[in-house]
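Note sheet for the following structure.
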Amino acid sequence: MSASGMEERQDVEWAAFRAARDRRREQARLAAALAELRRREGLHRKYDEASKAHEEELAAYTVRVESQVARQPMTLSTRLTSLRSTERILMSTGHYEEAAEAHAMFNLLEQSEREAAEERKRQIVENKLLAKQRELNRRDLSSYRKVLIAQQLNSMHEDAKIRTVEKNLQHKATEMAMTHYDQRRALNLPFLVPRVFDKTNQLKAARGTQLKKLVNGDHYYVPSLCSVYEGFLGQV
């Protein structure tokens, strides 16, 4: 092959490589964005499910606490007990007017104590529900923090994938440039021909065509860089 023919072929490879490289970068960024979006949707869906479960837990807890507190009996105060006893004594001794007054006072005091007892029960229920709500809020906050951390980790993971793609593209460009240089040298140094034009180096020299077919969906066989150039990669 003449020098001009080789230069022309190499120019074609570089043109193909640059176009395919831009397309590959775009594909990598799009894939990363879609993957991150899917993971974010999944995380927020799980968070919404957890929040709904917390709401249901609070509703069930409210019913349970209100039922438990409502069943608590009211204990009469000693003053009420004394009034009831006084009323009975007055009735038994024929002091009906005084007994009626004691009965009326008993009713008023009992109503007051019942209202106070209901208020205490209401406060007990309210305090228990507030404590439960604070607990659920802490759990919600913890869940949301986990979502944020997971999103950050996902972003880092996708960024790492993009960096891996970029590093791979740079590696392909470097090895193609080196191979092209060696092949041009071989035009004046025939002893290099067997080495720089063997199958492996022919593949290296055609990275542009390979990458173009790869990004366009053609399943062109590109040998694993790790397997073919294991020694070289170990030095990078």
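Using my numbering, the letters of the sequence shown correspond one by one to residues 11 to 246.
Yeah, the Cβ is synthetic: ideal placement off N, Cα and C, and Gly gets one too.
If you're wondering where the values come from, they're calculated on a predicted model, not measured in any experiment.
Quick check on this structure: which residue in the options has the alpha carbon closest to the alpha carbon of residue i?
| i | options | result |
| --- | --- | --- |
| N178 | N147, R35, E129 and R132 | R35 |
| H54 | Y154, Q162 and E67 | Y154 |
| R50 | A170, Q220, L163 and A38 | L163 |
| Q180 | R98, P200, V75 and R28 | R28 |
| L119 | L93, K138, T103 and E108 | L93 |
| K142 | G52, A70, E168 and Q37 | A70 |
| E125 | Y106, M84, L100 and E108 | M84 |
| A112 | V73, S95 and K138 | S95 |
| Q193 | T184, R205, A183 and E108 | R205 |
| S310 | L146, E97, R81 and N117 | Residue 310 lies beyond the range of the chain shown here (11 to 246); nothing can be said about it. |
| S77 | R217, K138 and N198 | K138 |
| S14 | K209, G227, D208 and L197 | L197 |
| H167 | L90, A41 and E23 | A41 |
Along the chain, where does the alpha helix (DSSP H) that runs through residue i open and close?
| i | result |
| --- | --- |
| K118 | Looking at the sequence provided, one finds Leu at residue 118 rather than Lys. Y106 to A196 is the extent of the alpha helix (DSSP H) around L118. |
| P204 | V203 to V206 |
| N211 | K209 to A215 |
Counting contacts by CB-CB distance shorter than 8 angstroms, is residue i in contact with chain D?
| i | result |
| --- | --- |
| M186 | Absent here is chain D; the protein component of the structure consists of one chain. |
Taking the beta carbon of residue i as the centre, do at least 16 other beta carbons fall within 10 Å, making it buried, or is it exposed?
| i | result |
| --- | --- |
| K222 | buried |
| A30 | buried |
| V203 | exposed |
| Q220 | buried |
| G218 | buried |
| K182 | buried |
| V246 | Per-residue confidence for V246 stands at a pLDDT of 31, beneath the threshold of 50, marking its modelled position as unreliable; the derived number appears in the next sentence. The residue is exposed, with fewer than 16 neighbouring Cβ atoms inside 10 Å. |
| T6 | Limits of the chain in this structure are 11 at one end and 246 at the other, which puts residue 6 out of reach. |
| F116 | buried |
Minimum length 4: unbroken alpha helix (DSSP H) runs contained in the stretch 17-50: none
Touching by the beta-carbon criterion (3+ pairs, under 8 angstroms), the stretch 116-134 and the stretch 148-160: no
Inside the stretch 52-100 only - beta strand (DSSP E) runs reaching at least 3 residues: none
The stretch 133-152 / the stretch 57-65 touching (three or more Cβ pairs under 8 angstroms): yes
Validate contact between the stretch 199-214 and the stretch 14-29 using beta carbons, cut 8 angstroms, 3 pairs: no
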